[in-house]
Amino acid sequence: MSASHAHALAHAVGATAEEPKFPLNQWYVAGFAWELKDKPLGRTLLGKPVVLFRTADGKVAALEDRCCHRALPLSSGTLEEQGLRCGYHGLLFDATGQCLEVPGQAKVPTKARVQAYPVQERDQIIWIWFGSASQPQPTIEPPAYEVHSSGEYVFEGGIYHYDAPYQLIHDNLLDLSHLGYVHLRTIGGNASVHMNAQMRVESDDTSVKVVRHMPGSQPPPTYSAAYPFKGKVDRWQEIEFLVSHLRIWTGAVDAGTDALDDPRRGGFHMRGFHGVTPETETTSHYFWTMATNPESNVEEVKAKVVEQTALTFDEDKVVIEAQYKNMLGFGPRPMVDIHVDVGANRARKIIERLRLASA
Amino acid sequence: MSASHAHALAHAVGATAEEPKFPLNQWYVAGFAWELKDKPLGRTLLGKPVVLFRTADGKVAALEDRCCHRALPLSSGTLEEQGLRCGYHGLLFDATGQCLEVPGQAKVPTKARVQAYPVQERDQIIWIWFGSASQPQPTIEPPAYEVHSSGEYVFEGGIYHYDAPYQLIHDNLLDLSHLGYVHLRTIGGNASVHMNAQMRVESDDTSVKVVRHMPGSQPPPTYSAAYPFKGKVDRWQEIEFLVSHLRIWTGAVDAGTDALDDPRRGGFHMRGFHGVTPETETTSHYFWTMATNPESNVEEVKAKVVEQTALTFDEDKVVIEAQYKNMLGFGPRPMVDIHVDVGANRARKIIERLRLASA
Amino acid sequence: MSASHAHALAHAVGATAEEPKFPLNQWYVAGFAWELKDKPLGRTLLGKPVVLFRTADGKVAALEDRCCHRALPLSSGTLEEQGLRCGYHGLLFDATGQCLEVPGQAKVPTKARVQAYPVQERDQIIWIWFGSASQPQPTIEPPAYEVHSSGEYVFEGGIYHYDAPYQLIHDNLLDLSHLGYVHLRTIGGNASVHMNAQMRVESDDTSVKVVRHMPGSQPPPTYSAAYPFKGKVDRWQEIEFLVSHLRIWTGAVDAGTDALDDPRRGGFHMRGFHGVTPETETTSHYFWTMATNPESNVEEVKAKVVEQTALTFDEDKVVIEAQYKNMLGFGPRPMVDIHVDVGANRARKIIERLRLASA
């Protein structure tokens, strides 16, 4: 068993108090822009219950989801011009967590405030900063994601809740060889083609990139349904792991046309955003969008691609949750590594290093 | 965080063995008279599984809900002329817990008996005594509740099961200022009127009384539906906390007519009985009746008042269970007190003192 | 409380690490022959998740239900000519647990294998051996059960999952006096007849036999529905406890005709097989068949007998699960023994001795 796997299981049982459970001093995905309308939204992120909402001027805010009076979740409250009002006794809080009003009494107690979290909306993604004690405020901007805003792509997305730790989702996304067994009916295609694909793995201190090329292969069902390929295709899969999220750019050109390494390659593109945010040590949020570039029938093709993507995510969820349940049932046990694990194992090393470094 | 709140949370995690978990040497509500007909009723009270039943002469009885032979709940058994017969091997027990018969063997083993609890029916409420080791038998009569028997009121009731400790229900009932935020659609009315109501709190060693007057206010929807008020009303709320239950007498007269402090005041009355009995340290039974005094259309008005009352109790249950779930999620944390907490805090002190005194 | 009851409860909370939790070096029922077709079957037995399947030549195989690569249950995989393929990354395992193929890489890692369990199919029952460290391989053949294969009987069966430890099911089956209270509507008949039946208990180191005769009794509903008795009947109940299963041979002849002790007695026969296999220390599998010998309307009578049997098992499940839940609620407490417990208590002594002896 690799050290990081052992750690993941140890965490599931009970972690030490001193070490952070997740890498801190990071922007994590808290949600999507379109989730925040006229109601507050409660969501537990990195073990902390948070209420997300928009202020009257449209800015996003994030507070600890607990009224300082009697602990009701503030996400049960209502939005007003000045902020968020608790649904029990009506205490009113602004975006900084300051209590502005205690109904029925003139003076607001000085201790009446709740913690606020740094939060930013960028390219339709809402990012939240979980800092360490020594670095509570963000030191960098949240990541850009131009795919959402460049106009080159149409996209849609969704959110999954996983009864499994977040790193099992990383493992899954960093190793697309499972497509041939888990996603046979959609984006999978021939299993042995996937398993025997040319693979290149690069990494640095905070990212891993896995590139796989499958030249001269049969287009899988989703591809054929979305794009008028003439016959065999040259497929690529580019997976970038970036601690808080993964960017997966897959696609295909008609076999022997464009160079797969050229980012301006034509053909059919699927660009996936995969925000993987721990809910707790044993459960996760998975925020995804899928963008594509149809040449015609844009809405129809987009709907088809998104539908097929959601189907594969359903399949992954079943597998990953079964995997985690089995890991819990068996307890810590050695695991045998195979060739496709290279990328996932590097990502686990990065997480582990950043986790320990953020104490 | 007040000491009693800290204690409630500590209990949720694991209490010390020596101290009683609840005030003992008290009558608690076990149920209502109409619940006990021709079948035994199993109910856990103060952490103890109890079977309640009526003997052939109509008296109520309460035994430990566990056959002394192989531990089947006696509440799965059947009532006979002589007592309660276990549904597994047929052992027969009388109201004192004595085994009268072991089918198929001549002699009843001397150890074949189960614990009986003192229980009394009074004014349609079934009261059970949980004594301490030094005071196992009741030293006083169970409380009277004439509202059920005087003939001045019509009433109905119900039972809620709460996934929350009983003191959170006390808190809720002792502070009716939440009506303006939680019960806007029924008995609430204007929030700021509630929050700014004149409030008087009195207490002694075993009770707390909170009186709130809201003169010249708008009648809330339930009131208007039940009584032909001419316009604005003078409202009163009288809340009596009595360890095992609360009595809440609310109502209104046409503004400027009767004195609110006069118990013979006219107008519209709602008299609530609220028996709050711990099921366990983290769950509760809530036994309620609502009595009223319609001048005409008695059944119709009663049905409306009871229906509206049940609606508000539904709303409270949602809030209180969400509050407790959040308290568990966050763990012990300070709470900021505000002016409306005076009554609830006094009640917590009484409970704490009686709990420790009943060791 | 008897020592074995105390032990059962201690186990429910947390057993010592050194002692085996169940008697090892035994064949246990893993399933029925007809359960294994073209899909693998996952089932936890004695605390161990196992995948059962048939190889291409029809033989049964049992492996640890966990891929050695990333812990997915192998029971989520698919059957192929050469064995069982994992549903995540496609590792292929044979019936011995050896990994035959890692897709996409030439060499199979030497550590790539999973544990296999000895398993045998006999008389339509699938038996699995759970050995101790010193005796991992079976030393004896699994038990024969000719009732399934002799052609004298027709039979059907089923499987129940119990939220209760397996010994509570033994207790229930070894004491058929409960028929008069639990199974009044089916095979029970008159309660006092059951409780006052002549009973003989014999036992040796690994088995207990309880024989009860009820001469001159009224045939119970199931009997009358299945066989043309002329009036009163002489009934017998023969219960054999054999650690991993019980064989219960009940029936009746017209009163005063055949000798009840003669195994060639005529009349109406019900021969029950009851494989009771611990799933965990607190949950169980109950594999049963019921065989009978109708003189005419064979299928119709069989269907009726099996249906009535299933009804009684439904009733037992309700009682036993309620009993266990109550035992957990009350914690370890003394139990009063009565005369009908003799057989069950001897079985508990056998289990306890074999459990400790298999360390």
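The listed protein sequences correspond, in order, to chains A, B and C. Quick note: to get this note's numbering, add 1083 to the position in the first sequence (first position is 1). Quick note: to get this note's numbering, add 1083 to the position in the second sequence (first position is 1). Quick note: to get this note's numbering, add 1083 to the position in the third sequence (first position is 1). Beta carbons are placed, not taken as given, at the ideal position from N, Cα and C, and that holds for glycine. This structure is a prediction, so every number in the text was calculated from the model and none was measured.
Item                                                                                                                      : Value
Contact belief for B/Q1218 with B/N1108 at Cβ below 8 Å, rounded distance in angstroms                                    : 5 Å
Cβ pair C/A1139, C/E1164 closer than 8 Å                                                                                  : yes
Beta-carbon spacing of C/D1254, C/Y1407 below 8 Å                                                                         : no
C/R1283, buried or exposed, once every other Cβ within 10 Å from all chains shown has been counted against 16             : exposed
Beta-carbon spacing of B/L1175, B/F1136 below 8 Å                                                                         : no
Residue range of the beta strand (DSSP E) that includes C/E1239                                                           : V1237 to Y1245
Identity of the residues DSSP links to C/H1328 by a beta bridge                                                           : C/G1358
Terminal residues of the alpha helix (DSSP H) in which A/T1050 lies                                                       : The first residue shown for chain A is 1084 and the last is 1442, placing residue 1050 of chain A beyond what the model contains.
Range of the contiguous beta strand (DSSP E) that encloses A/Y1306                                                        : Note, A/Y1306: premise wrong, no beta strand (DSSP E); alpha helix (DSSP H) at P1304 to A1309.
Limits of the unbroken alpha helix (DSSP H) element including A/G1263                                                     : L1262 to V1265
Check whether C/L1257 and C/I1322 have beta carbons under 8 Å apart                                                       : yes
Per-residue burial, B/K1131 [other beta carbons within 10 Å of its own, 16 or more giving buried]                         : buried
Beta-carbon proximity list for A/Q1203, same chain, < 6 Å, skipping 5 on both sides                                       : W1210 and P1225
CB contact below 8 Å: B/Y1245 versus chain A                                                                              : no
Whole-number beta carbon distance between B/F1213 and B/Y1111, since they are thought to touch under 8 Å                  : 6 Å
Continuous alpha helix (DSSP H) stretch holding B/Q1281: start and end                                                    : Where B/Q1281 is concerned, there is no enclosing alpha helix (DSSP H), although the beta strand (DSSP E) it sits in stretches over Q1281 to S1286.
Extent of the continuous alpha helix (DSSP H) to which A/R1431 belongs                                                    : V1425 to A1440
Beta carbon proximity, A/V1423 to chain B, threshold 8 Å                                                                  : no
A/V1265 beta carbon near the ligand ATP (any heavy atom closer than 7 Å)                                                  : The model depicted lacks the ligand ATP and carries no ligand whatsoever.
Alpha-carbon to alpha-carbon, C/G1125 and B/T1372                                                                         : 52 Å
The stretch 1292-1303 of chain C contacting the stretch 1393-1411 of chain C, beta-carbon criterion three pairs below 8 Å : no
Min CB distance A/G1412 to chain C below 8 Å                                                                              : yes
Residue from C/P1311, C/L1157 and C/K1190 whose Cα sits closest to the Cα of C/G1180                                      : C/L1157
Within 8 Å of chain C by C-beta, residues of the stretch 1330-1352 of chain A in sequence order                           : none
Through-space distance from C/R1354 to A/N1428, alpha-carbon basis                                                        : 57 Å
Cβ shell of B/E1118 (< 7 Å), same chain only, five flanking positions each side left out                                  : L1124
Own chain partners of C/S1441 with C-beta closer than 7 Å, once the 5 adjacent residues on each side are dropped          : P1103, P1106, L1107, N1108 and S1215
Positions along the stretch 1418-1442 of chain A whose CB lies within less than 7 Å of some CB in chain C                 : M1418, V1419, I1421, H1422 and V1423
For C/I1421, the three-state DSSP class (helix, strand or coil)                                                           : coil
CA nearest to the CA of A/G1349, picked from A/Y1369, A/A1338 and A/E1147                                                 : A/A1338
Residues of the stretch 1386-1417 of chain C whose Cβ lies closer than 7 Å to any Cβ of chain B, in chain order           : V1402, A1405, Q1406, N1409, M1410, G1412 and F1413
Counterpart residues of C/Y1050 in DSSP-defined beta bridges                                                              : Because chain C spans 1084 through 1442 in this model, residue 1050 of chain C falls outside it and cannot be assessed.
Minimum Cβ-Cβ distance from C/S1159 to chain A less than 8 Å                                                              : yes
Nearest-angstrom Cα separation, counted from B/V1388 out to B/R1375                                                       : Reading off the sequence, residue 1375 of chain B comes out as Thr, not Arg. Approximately 8 Å between the Cα atoms of the pair.
C-beta neighbour in chain C for A/G1263, strict 8 Å                                                                       : yes
Cβ-Cβ separation, C/D1399 to C/V1265 (assumed contact under 8 Å), whole Å                                                 : 6 Å
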